[in-house]
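Structure record follows, encoded as structure tokens.
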Amino acid sequence: MKNSGTPISDQNFRLQVANKSTSPNCEAVASANYSDVTIMSSGCGSSPACMTTSAQFTNRASSTQLLSVSSGFTFIPGQIVEDPTNDTLAMNVPSDNVTEVEYNFQMTSYATQDAYCFRTTNSGAVLDNYTKVAELTMLQVPFLTDWSLNGGSSIALTEGTTTLISATGTVTDYNGYTDIVAASSTLFRSSVANGAMCTEDQNNCYQIATSSCSTSSCGGNSCTLSCTASVQYFADPTDAGAPNSADTWQSNIDVWDSSNSHGTASANQELYTLKALAIPSALNYGSVTVGTDSGADNATTSVTNTGNAILNLDLGGDDLRSGASSITYNQQKYATSTFTYGACAFCSTLAASTSPAYFGIAVPKPTSTTAVSTLIYWGINVPLGTTATTHTGSNTFTAN
């Protein structure tokens with residue numbers, strides 16, 4: 005403070021604060037917008053700034069010169085102010101003298117704007133003029149609200165391919181939404197090594213780059229933020245009965261602004277077990293003479309696991325027909341290795357499609373896009389009296 009007029013006496017210099025808002029500078033902020041900086045020991049209330057204590061000095065101790073002094077003016081010590089006060093003891097400032105008053109305060113959670121102005125008053129009464137008013141620019145930290153994985157629902161994958169899984173929420177930066185620079189995310193099974201810093205693995209860890217995170221519906225201080233991963237069909241399930249049922253899938257988000265301040269959030273959901281299979285469309289026994297069986301000549305079906313769990317089957321079939329002629333479904337036998345039809349003690353006889361039978365084929369869970377398959381070997385008997393024509397029917401394979 006500089007006194008270029010008549011001597012000032014018995015002034016209690018009190019600190020005030022105002023939101024700069026849209027003013028071009030702090031000198032242009034209306035006087036009515038200022039309010040006293042509150043005192044922490046009395047309660048900060050909703051003030052954006054609040055006096056606090058310091059172990060570095062005694063309240064209202066003398067200040068020393070830190071700023072330059074204009075030619076023709078003389079510096080005189082002021083005071084250093086801390087909680088539980090927001091003003092000085094009565095001070096005198098003679099003509100052509102300069103003094104410095106220092107205030108120890110902190111910004112509060114109510115400081116949600118990008119800039120604030122600070123001035124001193126005489127116990128709340130404005131001074132003659134304010135040619136220079138201190139401005140504090142806030143480097144606001146971005147933060148996230150309503151962060152949600154898969155819309156708040158458990159994750160259901162798609163057999164044999166990828167499924168787009170998104171996590172979304174609102175990112176807010178009180179320096180304005182244009183201050184938000186980028187975001188990255190990790191989608192991972194919760195017990196995987198190193199958590200969100202896990203090594204990329206399509207079974208349990210998806211590192212989502214900034215290119216897969218985007219903002220939309222931006223306005224004021226906020227945007228909608230979405231990060232998306234293409235999750236493979238064999239990603240580890242976490243629902244009841246799964247080997248990792250104690251886990252969940254977790255989405256961690258990290259968003260940063262132009263000051264490299266970071267905000268984080270997380271959300272989690274279960275990932276459902278997917279039992280699914282792929283088989284060829286045809287099972288061809290070739291030519292079998294009426295009154296005989298296929299012997300050691302086995303037809304095969306390759307069963308591919310297109311889900312995320314060990315695959316077993318329920319098998320059933322319908323009769324093979326050619327006009328009025330038929331071969332009943334139970335003339336078919338099957339096994340997981342080659343066999344001779346008439347001498348197979350370990351074979352299973354095909355059940356009806358209306359009451360399929362469990363078949364523990366145990367096709368392993370895939371861990372990559374490389375197909376994991378198991379062959380089923382088949383044989384058939386063609387009873388006497390069957391018409392010697394091509395017979396067709398259908399067998400039903402159900403994942404279990």
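Residue numbers (the working numbering): 5 to 404. Every residue gets a Cβ at the ideal spot worked out from N, C-alpha and C, and that includes glycine. Nothing here was measured: the structure is a model prediction, and the numbers come from that model.
Using three-state DSSP, classify residue i as helix, strand or coil.
i      : result
Glu31  : helix
Tyr345 : helix
Ser218 : strand
Ala355 : coil
Ser46  : helix
Tyr38  : coil
Tyr338 : strand
Phe363 : strand
Arg18  : strand
Asn63  : coil
Leu388 : coil
Gly397 : coil
Val376 : coil
Asn23  : strand
Gln211 : strand
Thr78  : strand
Arg232 : It is Thr, not Arg, that sits at residue 232 in the sequence shown. Thr232 falls in the strand class under three-state DSSP.
Thr92  : coil
Thr371 : coil
Gly224 : coil
Sort the options by Cα distance to residue i and report the nearest one.
i      : options                           : result
Ala244 : Asp297, Val175 and Leu275         : Leu275
Ala280 : Ala59, Ser35, Asn385 and Leu161   : Leu161
Cys54  : Gly156, Asn108 and Thr62          : Asn108
Asn208 : Gln254, Thr167 and Ala186         : Gln254
Asn272 : Ser195, Leu153 and Asp322         : Leu153
Ser106 : Gln20, Gln144 and Asp323          : It should be pointed out that residue 106 corresponds to Glu in this sequence rather than to Ser. Comparing Cα positions, the closest option is Gln20.
Thr57  : Val97, Asp40 and Asp87            : Asp87
Thr391 : Asn399, Val73 and Ala328          : Ala328
Ser218 : Leu143, Ser188, Ala65 and Ala403  : Ser188
Val196 : Asn248, Ser226 and Met111         : Asn248
Ala119 : Gln144, Thr103 and Asn133         : Gln144
Ser8   : Gly346, Leu70 and Thr78           : Thr78
Ala1   : Gln211, Arg193, Ile283 and Asp205 : Outside the shown range of the chain (5 to 404) lies residue 1, about which nothing can therefore be said.
Asp100 : Tyr289, Ser75, Thr402 and Phe17   : Ser75
Thr141 : Gly180, Ile159 and Ser285         : Gly180
Thr402 : Ala361, Ser377, Ser372 and Gly389 : Ala361
Gly267 : Asp177, Ala250, Ser66 and Asn334  : Asp177
Gly47  : Thr112, Thr373, Ser72 and Asn37   : Thr112
Gly224 : Ser25, Lys6 and Phe17             : Ser25
Ser326 : Ser50, Arg18 and Thr396           : Thr396
Val85  : Leu131, Ala349, Ser13 and Thr42   : Thr42
Ser270 : Ala347, Glu104, Trp151 and Thr124 : Trp151
Ser35  : Met95, Pro52 and Arg123           : Arg123
Tyr114 : Asp132, Gly364, Pro52 and Ser291  : Pro52
Asp14  : Thr214, Ser127 and Ile283         : Ser127
Lys136 : Gly321, Cys30, Leu324 and Ala349  : Cys30
Ser158 : Thr242, Gly164, Ser226 and Gly346 : Thr242
Can you check DSSP and say which residues form a bridge with residue i?
i      : result
Ile12  : Val97
Leu324 : Ile331
Asp132 : Asp132 is not bridged to any residue.
Val85  : Tyr107
Met55  : Ile43 and Phe109
Asn7   : Asn101
Leu71  : In the DSSP output, where bridge partners are listed per residue, Leu71 has none listed.
Gly383 : Lys337
Measuring only between beta-carbons, confirm whether residue i sits less than 9 Å from chain B.
i      : result
Ala269 : Among the chains in the structure shown there is no chain B, since it carries only a single protein chain.
Any heavy atom of the ligand MG within a distance shorter than 8 Å of the CB on residue i?
i      : result
Asp243 : You won't find the ligand MG in this model; it holds no ligand whatsoever.
Would you call the segment 267-283 and the segment 312-332 touching, i.e. three or more CB-CB distances under 8 Å?
In short, these stretches touch, since the Cβ pair count reaches three.
May I have a chain-ordered list of the beta strand (DSSP E) segments no shorter than 3 residues that lie completely inside the segment 135-202?
138-141, 147-153, 167-176 and 184-193
Just list the beta strand (DSSP E) runs in the segment 237-317, keeping only unbroken ones of 3 residues or longer that don't cross its boundaries, in chain order.
253-261, 266-273 and 303-309
Does the segment 255-264 come close enough to the segment 350-364 that 3 or more CB-CB pairs lie under 8 Å?
no
Count the CB pairs spanning the segment 157-172 and the segment 230-239 that are closer than 8 Å, and state whether there are at least three.
Output reads yes: the segment 230-239 touches the segment 157-172.
Please give me, in chain order, every unbroken run of the alpha helix (DSSP H) with length at least 4 that falls completely inside the segment 100-130.
none
Okay, do the segment 293-311 and the segment 363-374 touch, 3+ Cβ pairs below 8 Å being the bar?
yes
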